[in-house]
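For reference, the structure is listed below as structure tokens.
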Amino acid sequence: MKNILIAPSVLAADFANLQRDIEMINNSEADWFHIDIMDGVFVPNISFGMPVLEAITKHAKKTIDVHLMIVDPDRYIKTFAALGANILQVHYEACTHLHRTLQAIKAEGMKAGVVLNPHTNVDLLEDIITDIDLVCIMSVNPGFGGQSFIENTYSKIEKLKALINKKNAKTIIEVDGGVTNKNAAQLVRAGADVLVAGNFVFKAENPSQTISDLKAITCI
Ligand code: DX5
Ligand code: ZN
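The opening position of the sequence shown corresponds to residue 13 in the numbering used here, with each subsequent residue numbered one higher.
Here it is in structure tokens:
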């Protein structure tokens, strides 16, 4: 049985009670903290930046998975390493020299992730897949939490999984956006290894129980 990782997205937390929500994740069955950094240029929204991430990492006791939705992410690789990121994800669409960017992330001791927007074909990763630790398939258009899941995601995951196997790569697959108890099992069957969930967790009556439920659903 595969251990599917659950990564609650802190974007959906209550920022006025951030420490409480971080402790909830620490004490839950969640595996990672998913941190969304938006610059208002690459995506039409601004989330939060370095001081907030610093406050989060001070309390967080699990892997810090940082999803950069920013242009020219190379400028901030060292900064995010210093802030405690364990995984640094950049968008395929934001990187002109993706190979160089991935090497720079790894040189700082982090795992390197590449995120694909819904329109970006997974075949574009054919010549770089063995250099990528994690591919994140966006199942919504990045920029906002609480959007509805794009159904084409399942076939993208299947195609990516086939590419990973063909190239004998060790890459793991994350899915981000609109994940709920309705699509979690099918995402795992398609080949997902990590599920990000924002609103489904934090807007639930019992977020910690919701994390446990997601973990249980994915034990298939
Ligand atoms: C969207 C972010 C997601 C978002 C997920 O741009 O990358 O991580 O927070 O939130 P939900 O699960 O609410 O779609
Ligand atoms: Zn994200």
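Positions of the beta carbon are idealized from the N, C-alpha and C atoms, including for glycine. Source: prediction; values computed, not measured.
| query | result |
| --- | --- |
| Can you name, in chain order, every residue of its own chain whose Cβ lies under 6 Å from the Cβ of Gly155, other than the five neighbours on each side? | Val55, Pro56 and Asn57 |
| Would Asp135 pass as a contact of Met81 if the rule is Cβ separation under 8 Å? | no |
| Could you name the residues of the same chain whose beta carbon sits closer than 6 Å to that of Ala202, not counting the 5 residues immediately before and after it, in chain order? | Tyr166, Ile169 and Glu170 |
| Helix, strand or coil: how does DSSP classify Phe156 here? | coil |
| Measure from the alpha carbon of Glu105 to the alpha carbon of each residue in Val64, Asp143, His131 and Ala67, then state which is nearest. | His131 |
| Val83 CB to nearest chain D CB: under 8 Å? | Structure shown: chain D not included; a single protein chain is present. |
| Return the bridge partner residues of Ser21 from the DSSP annotation. | His46 |
| Which of the three DSSP states, helix, strand or coil, is assigned to Glu217? | coil |
| Leu95 to Ala119, Cα distance in whole Å? | 15 Å |
| Report the CB separation of Phe92 from Val78 in whole angstroms; it is logged as a contact under 8 Å. | 6 Å |
| What whole-angstrom Cβ distance do Gly125 and Leu23 have, given they're in contact under 8 Å? | With 8 Å as the limit, Gly125 and Leu23 do not qualify as a contact, their Cβ atoms being about 17 Å apart. |
| Quick check on the burial criterion: 16 or more other C-beta atoms within 10 angstroms. Buried or exposed for Asp33? | buried |
| Under the rule that 16 or more other beta-carbon atoms within 10 Å means buried, what is Glu138, buried or exposed? | exposed |
| What are the complete alpha helix (DSSP H) segments, minimum 4 residues, inside the region 124-205? | 165-178 and 196-202 |
| Pro130: beta carbon under 7 Å from a heavy atom of ligand 1? | no |
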